[in-house]
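Only one structure is covered here, and it is reproduced in the block below.
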Amino acid sequence: MPAAAPKPKISPTIWMILLGLAMMAGVSFMSGVGDVAPIPYSQFQAYLDAGKVKSVVVNGDSIRGTLNEAMADGKTQFTTVSVPRDLAAALSDHKVEFSATAGGGAFATVLSWIIPPILFVGIWMFASRGMGGAGGMAGGLFSMGRSKAKLVAPETDIKVAFDDVAGVDEAKAELHEIVDFLKRPDEFGRLGAHIPRGILLVGPPGTGKTLLARAVAGEAGVPFFSTNGAEFVEMFVGVGASRVRDLFEHARTSAPCIIFIDELDALGRARGASAMGGQDEKEQTLNQLLAEMDGFDRSAAIVVLAATNRPEILDPALLRAGRFDRQVLVDRPDKIGRVQILGIHTKKLSLASDVKLEDIAALTPGFTGADLANLANEAAVVATRRGGVDIGMADFTAAVERIVAGLEKKSRILIPRERRIVAYHEMGHTLVALAIPGSDPIQKVSIIPRGIGALGYTMQRPTDDRFLMGLHELEDKMTVLMGGRAAETLLGSDISTGASDDLAKATDIARGMVMRFGMDKALGPVALDTEQGQFLGQPGAFWQPRRFSEQTAREIDQAVRTRLEAALARAIGILADNRAALDAGAELLLTRETLGAEDLPKVKMVG
Ligand code: ADP
Ligand code: MG
Ligand code: ZN
């Protein structure tokens with residue numbers, strides 16, 4: 048690269064500014080500041096009344112014109128800005144001289160001439176500095192890969208310990224081994240054993256993957272290189288790869304240590320899986336990562352931890368032996384786990400004596416560690432706002448409701464007819480659930496709108512975490528979901544859009560029964576949908592080949608529809624038998640807005 052760069056670097060800047068100034072001067076000259084006289088609007092009106100105005104050009108508020116005879120200063124052209132008519136009339140009645148200024152127009156015009164050149168010059172200077180740093184273009188590009196890798200300075204003094212993570216005992220047990228290895232690499236090598244080089248933490252968002260990785264570093268007391276998969280995704284081919292190379296180079300000098308790549312899926316997406324561009328760059332980065340993982344010495348005490356919530360889209364090459372061959376599932380905590388996590392996150396809070404973590408855990412099936420941390424904080428906020436001395440059970444219940452159903456929006460007012468429909472809808476769910484033995488008890492039913500979309504809600508409390516469900520349970524669930532629509536049908540006026548969420552859920556269940564669980568007699572015990580890309584409830588790949596015939600597809604649709612119709616018919620049947628209870632319950636709900644479990648016996652049902 049030629050080394051004579053500095054000179055032209057400055058002079059074009061000056062040229063640019065001079066050019067800008069010249070343009071501005073030119074423009075103001077052309078607009079004829081020279082022989083056009085700005086006059087007050089009242090003056091213009093006077094000329095007009097005296098018949099001296101020959102012609103005008105009106106542009107918005109501003110008026111340019113020519114006079115029949117020269118003004119006092121010898122000019123025949125003038126400009127002025129118009130004043131609103133009423134005002135002008137009033138002003139001229141009182142013989143006031145008046146004029147107007149164009150609304151910010153002149154200033155805006157000047158700005159619009161000054162800003163673009165400045166911006167342009169700024170960008171140009173920025174670019175030339177980025178590239179010129181190491182002398183010329185190529186140096187600039189190379190240093191781009193380097194500069195960001197420097198951000199990955201290792202954290203050396205991590206305070207997180209395994210005790211700060213709860214409810215993921217299996218994952219912790221597996222990672223204990225890694226900690227032992229990092230603490231005493233020599234001892235581990237004694238019998239020739241080597242530790243897995245890459246460990247992939249897999250689980251839904253918020254379950255504590257990042258926290259676990261940090262805990263491993265904290266327990267082992269080793270440097271922790273923390274990066275995010277997305278940081279390696281760059282526009283320029285080769286930059287991401289060089290960043291990976293730098294990272295590993297850096298890590299090798301500080302072994303024993305941990306490299307943590309969060310959100311690995313951003314970088315390790317299966318090649319060819321995305322239709323968008325940027326393929327070359329991603330592929331190179333991924334290849335570099337694979338090469339680095341193969342390349343480092345088995346005995347080097349470097350452990351690569353990675354986390355993802357979408358393992359199914361990872362490139363298979365990443366999961367091969369010798370790379371991320373060890374996968375640790377970090378799943379949502381069960382009830383005992385939730386109690387422990389709540390224990391951690393309420394340690395620093397002042398709890399009232401009525402707070403039982405077991406009861407809160409029972410209220411929160413499906414919550415992740417992050418949700419529970421949020422819940423503890425939310426409860427503290429609720430208690431603070433009501434001015435309490437400590438955080439009571441009611442605060443936690445309120446926080447659960449808030450998190451589950453979105454923030455209460457009392458301000459949103461429904462018109463009475465809508466309220467009536469919502470009341471029947473929610474009472475429909477409730478009565479159907481009450482009528483079906485063994486369904487989850489109703490916790491609360493309300494017509495107070497919450498969050499986005501939900502106009503009312505019926506909260507059922509699952510008694511236990513469920514991992515298996517029987518055919519009849521699924522049918523019961525669908526029937527309860529249909530209870531809302533069923534009640535609206537009985538109300539007779541019209542069916543509403545309020546059931547869309549229920550219908551979507553019921554349809555999911557029906558499709559699952561038919562396509563995944565082999566529960567449909569006619570279609571037989573065939574898994575038609577093998578849950579590819581459905582792992583952990585994430586939406587899967589965009590396109591999936593269908594593995595059954597057109598005929599089967601039609602039968603599936605038919606079977607799903609039949610099941611949904613049966614569930615709706617059953618719900619309508621139940622509610623028709625209990626019409627009086629439905630009417631009474633809906634009335635009660637309309638007056639009280641919210642009913643708890645204790646109010647429901649007041650709604651009398653037959654059989
Ligand atoms: P992930 O990386 O799996 O998305 P994080 O590790 O970032 O989740 O978790 C976010 C926060 O949630 C943590 O900082 C912690 O406060 C809390 N948390 C999540 N899981 C747990 C857990 N198992 N035990 C204790 N706290 C947890
Ligand atoms: Mg994370
Ligand atoms: Zn509903």
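In the working numbering, the protein residues as written are 48 to 654.
We put the CB at the ideal spot given by N, CA and C, even for glycine.
- Relative to the ligand ADP, Ala408 has its C-beta separated by 7 Å or more from all heavy atoms.
- With a minimum length of 3 residues, the unbroken runs of beta strand (DSSP E) contained wholly in the segment 79-118 fall at 83-85, 100-106, 109-114.
- The beta-carbon separation of Leu410 and Val447, rounded to 5 Å, stays under the 8 Å limit for a contact.
- Set against 7 Å, the gap from the CB of Asp211 to the closest heavy atom of the ligand ADP is smaller.
- Non-local C-beta neighbours of Ala470 in its own chain, meaning closer than 6 Å and more than five positions away in sequence, comprise Ile494, Ala633, Leu636, Leu637, ordered along the chain.
- Shortest Cα-Cα distance from Arg563 to any of Phe371, Lys394, Val263, Ile603 involves Ile603.
- Under the DSSP definition of a beta bridge, Tyr504 partners with Ser493.
- The ligand ADP never approaches Ile205 closely enough for any of its heavy atoms to be under 7 Å from the residue's Cβ.
- With contacts defined as CB atoms closer than 8 Å, Leu389 and Leu404 qualify as a contacting pair.
- In this structure, Gly250 places its C-beta atom within 8 Å of the C-beta atom of Val377.
- Taking one beta carbon from each stretch, the segment 198-208 and the segment 355-373 have fewer than 3 pairs nearer than 8 Å; the two do not touch.
- For Gly632, the CB stays at least 7 Å from every heavy atom of the ligand ZN.
- For Leu311, the CB contacts under 6 Å within the same chain, skipping 5 residues up- and downstream, are Gly276, Ala353, Thr355 in chain order.
- One Cα belongs to Ile542, the other to Ala480, and the distance between them is close to 20 Å.
- Between the alpha carbons of Leu138 and Lys99 lies a distance of about 21 Å.
- Using a Cβ distance threshold of 8 Å, Ile349 and Arg299 count as a contacting pair.
- Using a Cβ distance threshold of 8 Å, Val263 and Ile306 do not count as a contacting pair.
- Residue pairing from DSSP places Leu376 in a beta bridge opposite Val249.
- For the segment 505-574, the full-length alpha helix (DSSP H) segments reaching 4 residues or more read 518-538, 547-558 along the chain.
- If you look at Asn275, you'll find it in the beta strand (DSSP E) that goes 271-275.
- The three-state reading of DSSP puts Glu634 in helix, counting H, G and I together.
- Annotation: the continuous alpha helix (DSSP H) that includes Phe228 extends over 216-230.
- Contact residues of the ligand ZN (beta-carbon closer than 5 Å to any heavy atom; chain order) are Gly531, Asp549.
- Under the DSSP definition of a beta bridge, Arg316 partners with Leu361.
- A contact between stretches requires three or more CB pairs, one per stretch, nearer than 8 Å, and the segment 556-572 meets this requirement with the segment 594-608.
- Per DSSP, reduced to three states, the secondary structure at Phe414 is coil, with no helix or strand assignment.
- The Cβ atoms of Ile438 and Ala420 do not sit closer than 8 Å to each other.
- When C-beta atoms of the segment 476-491 are compared with those of the segment 515-529, three or more pairs fall below 8 Å, so the two segments count as touching.
- Residue range 463-482 is occupied by the alpha helix (DSSP H) that includes Val469.
- In this chain, the alpha helix (DSSP H) harbouring Phe295 covers 286-300.
- For Asp341, same chain residues with a beta-carbon under 7 Å away, outside a window of 5 residues either side, are Gly369 in chain order.
- Under the 10 Å beta carbon count, Ala213 is surrounded by 16 or more other beta carbons and is classified as buried.
- Pairing Ala135 with Phe145 gives a Cβ-Cβ distance under 8 Å.
- When the five nearest sequence neighbours on each side are left out, the beta carbons in the same chain lying within less than 8 Å of the beta carbon of Val128 are those of Tyr88, Asp108, Ser109, Ile110, Ser146, Ala147, Thr148, Ala149, in order along the chain.
- For the 8 Å CB-CB criterion, Ile391 and Asp418 do not form a contact.
- Counting every other CB atom within 10 Å of its CB across the protein chains shown gives Gln92 a total of 16 or more, marking it as buried.
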